[in-house]
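Residue numbers (the working numbering): 27 to 147.
Notes for the one structure printed next.
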Amino acid sequence: LAQSLEDYLPRGSVSFATEGIVFPLQSTGRRVVSIPRPEPAAPSLIARQQATDEFFSSAATNEDRQRLIDRWGATTAVFVESDVKPDAVTQLRALGPSKKFSHDVEVITLRPAKERPNHAS
């Protein structure tokens with residue numbers, strides 16, 4: 027799985043990732059918005075963890091998610107479908123193209139602001 031993700035995700039990518047996939051993703055050298063553990067050397071970690079929780083929440087709208095994508099410079103969402111509520115999975119898939127990997131891991135390629143419909147330049 028880690029090798030497949032490393033091959034698929036470009037260097038410099040930044041992912042919103044669910045807890046079960048964060049460490050395999052980080053092992054590839056790819057960045058994540060947050061990690062699910064305390065890290066005193068990262069003063070923005072609490073805000074990043076809250077952003078990740080909101081991103082995968084079924085209460086979030088895709089407008090909320092776009093705001094988080096822009097704020098944290100995220101290029102992908104990486105998750106295990108069973109870790110996300112079904113209605114949130116459907117919303118996430120509307121954010122961009124999806125590719126499935128082993129271990130039920132899915133990667134959504136997020137559209138940059140300039141490529142989204144109704145984006146004012």
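By construction, the Cβ of each residue, glycine as well, lies at the ideal position given by its N, Cα and C atoms.
Same chain, Cβ closer than 7 Å to residue i, five either side skipped, listed in chain order
i: V115; result: E107
i: A28; result: P50, S53 and T54
i: R91; result: F81 and L121
DSSP bridge partner residues for residue i (one or two, in chain order)
i: F105; result: E132
i: V40; result: R57
Assumed close pair residue i, residue j - CB separation to whole angstroms, cut-off 8 Å
i: A86; j: L136; result: With a Cβ gap of about 14 Å, A86 and L136 do not count as contacting.
i: G46; j: D109; result: 6 Å
i: S41; j: V58; result: 5 Å
i: S30; j: S128; result: 7 Å
i: Y34; j: V131; result: Rounded, the Cβ-Cβ distance is 10 Å, inconsistent with contact.
i: P36; j: V48; result: Incorrect: roughly 18 Å between the Cβ atoms, too far for contact.
Three-state secondary structure assigned by DSSP to residue i
i: F127; result: coil
i: S30; result: helix
i: A67; result: coil
i: L35; result: coil
i: P50; result: helix
i: L118; result: helix
i: A77; result: helix
i: R137; result: coil
i: P112; result: helix
Short CB-CB distance (under 7 Å) between residue i and chain B
i: T87; result: Annotation note: the requested chain B is absent from the structure, which comprises a single protein chain.
Contacting residues, own chain, Cβ-Cβ under 6 Å from residue i (five flanking each side not counted)
i: S74; result: Before going on, a small fix: residue 74 reads as Arg here, not Ser. Within the same chain, R74 has close Cβ partners V59 and S60.
i: A43; result: L51, V58 and V104
Contact set for residue i: own chain, Cβ-Cβ below 8 Å, skip 5 residues either direction
i: W98; result: V40, F42, V59, R74 and A77
Three Cβ pairs or more, each shorter than 8 Å: is that satisfied between the region 114 to 128 and the region 76 to 96?
yes
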